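Below you'll find the structure, written out as structure tokens, and then a few comments.
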Amino acid sequence: MRTNQLVSLSVVLGLIAVAFGLLGNGATSKVGAPDVAGPSHAPTDWPRGDKIVDLTHAFDEQTIPWPTEIGFRLERGFDGVTDGGWYYRANRFSMAEHSGTHLDAPNHFSKDGESADDVPLARLIGPAVVIDVTAQCAQDADFQIPTEVFQTWEREHGRSLADMIVVLNTGWARFWPDKERYLGTAETGKPAVAKLHFPGLAPDAAAWLAANRKIRAVGIDTASIDAGQNKTFGTHVVLCGHGIPAFENLTNLDQLPAAGFTLIALPMKIRTGSGGPLRAVAVLPDVATAK
Ligand SMILES: [Zn+2]
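According to our numbering, the sequence shown is numbered sequentially starting from 818.
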């Protein structure tokens, strides 16, 4: 086991310990002193003083689906005061697995790949880095990130991408939820797929990352890890073939440092699913208290 695997394992164990600690406090306050102060951590201030950045687009009627898929639909259920006198509200929703911020499980493009419920948690929670390609993508909406970008990043930052969750910041999240600008076309159906324009990861770079760096996962702020103009989904095929999941339609990547944070991307645990809605967050160490 490599050192960084040990570190990431300790991060996961730490999160579990914190979770149990919080449960423990709740149990204590029930039997003993009431918790008059309420939760000791604000939602954006956990654990310790760490900052949490939400990388997820909210699911609503503006959620952008793949051109051939359905978006997100919230069906309003009961909303009001019941006969019993208490207030009650409950809705239903429907969506495609690959609409909005979502997971691509390896079985999305690999027949025997892991399904959404089967992706190892260590691929969904782990140390992450951000590769900033906003400048290249602003020049070229069809930019496919080549291997050299990753090799340059490693040189400039003096660290390896091995075992990392590699997050690609193309700057495309700024177009959400404008379909025309985000996807390159607002049209739907099969013919629309040929009209897609957005940046992505080049298939040979995906192959290099998978073979030489054994990365945990890839995240991107576009609708697909393959650029819109690709014809063969080569990056999906390569990554899924290596058991590497992808997180698509991420946002707020400009709020992240280049390295030194933890990404948590937990999908709905759909049995045999090819992906699913994702709540992705980044946990940034508190720079004031970090050693
Ligand atoms: Zn997908």
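C-beta atoms are modelled at their ideal positions from N, C-alpha and C, and glycine is treated no differently. Keep in mind the model is a prediction, meaning the values are calculated, not measured.
Of all the options the options, which has the alpha carbon lying nearest to the alpha carbon of residue i?
i     : options                     : result
V1130 : G1036, T987 and E886        : In the structure as shown, the chain starts at 818 and stops at 1108, and residue 1130 therefore has no counterpart that could be examined.
A1075 : A945, G888, E878 and S927   : A945
W970  : T1002, G943, G902 and V984  : V984
P1016 : G943, F992 and I962         : I962
R1033 : W903, F960 and P923         : P923
D929  : S1091, D1103 and L1095      : S1091
F1078 : I942, G897, A907 and A875   : I942
A1009 : T885, H874 and F876         : T885
R890  : T899, F876 and D900         : F876
Y904  : M912, A1063, W989 and F895  : F895
L938  : E973, G897 and I982         : I982
R998  : F1050, R940, A1063 and D959 : D959
R991  : D867, G866, K868 and L872   : L872
D867  : W989, T899, K1007 and L1080 : L1080
V1035 : L1013, L978 and D995        : L978
F967  : A955, W1025 and K1012       : W1025
P994  : V870, I869 and H874         : H874
R906  : L1095, E965, G897 and A913  : G897
DSSP on residue i, reduced to helix/strand/coil?
i     : result
G943  : strand
E878  : coil
T951  : helix
K1007 : helix
K928  : coil
L1026 : helix
L839  : A caution first: L839 carries a pLDDT of 38, below 50, which makes its placement in the model unreliable, though a value can still be read off. Helix at L839.
D935  : coil
P1094 : strand
G901  : coil
D1021 : helix
E914  : coil
H1014 : coil
T873  : strand
E965  : helix
Residues with a Cβ closer than 7 Å to any heavy atom of ligand 1, in chain order?
H915, H919, D921, H925, S1041, A1063, E1065 and G1092
Examine the Cβ distances between the segment 1060-1075 and the segment 1093-1104 and report whether three or more of them are shorter than 8 Å.
yes
Does the segment 1000-1009 come close enough to the segment 1051-1067 that 3 or more CB-CB pairs lie under 8 Å?
no
Which parts of the segment 1041-1090 are runs of the beta strand (DSSP E), unbroken and 3 residues or longer, counting only runs that do not cross its ends?
1063-1065 and 1078-1084
Check whether the segment 1039-1053 and the segment 1011-1024 are in contact - that is, three or more C-beta pairs closer than 8 Å.
yes
Mind the definition here: the segment 1080-1088 touches the segment 931-942 only if three or more C-beta pairs lie below 8 Å; say whether that holds.
yes
Quick test of the definition: if touching needs 3 or more C-beta pairs under 8 Å, does the segment 905-924 touch the segment 879-888?
yes
What alpha helix (DSSP H) runs, 4 residues minimum, are completely inside the segment 967-1004?
996-1000
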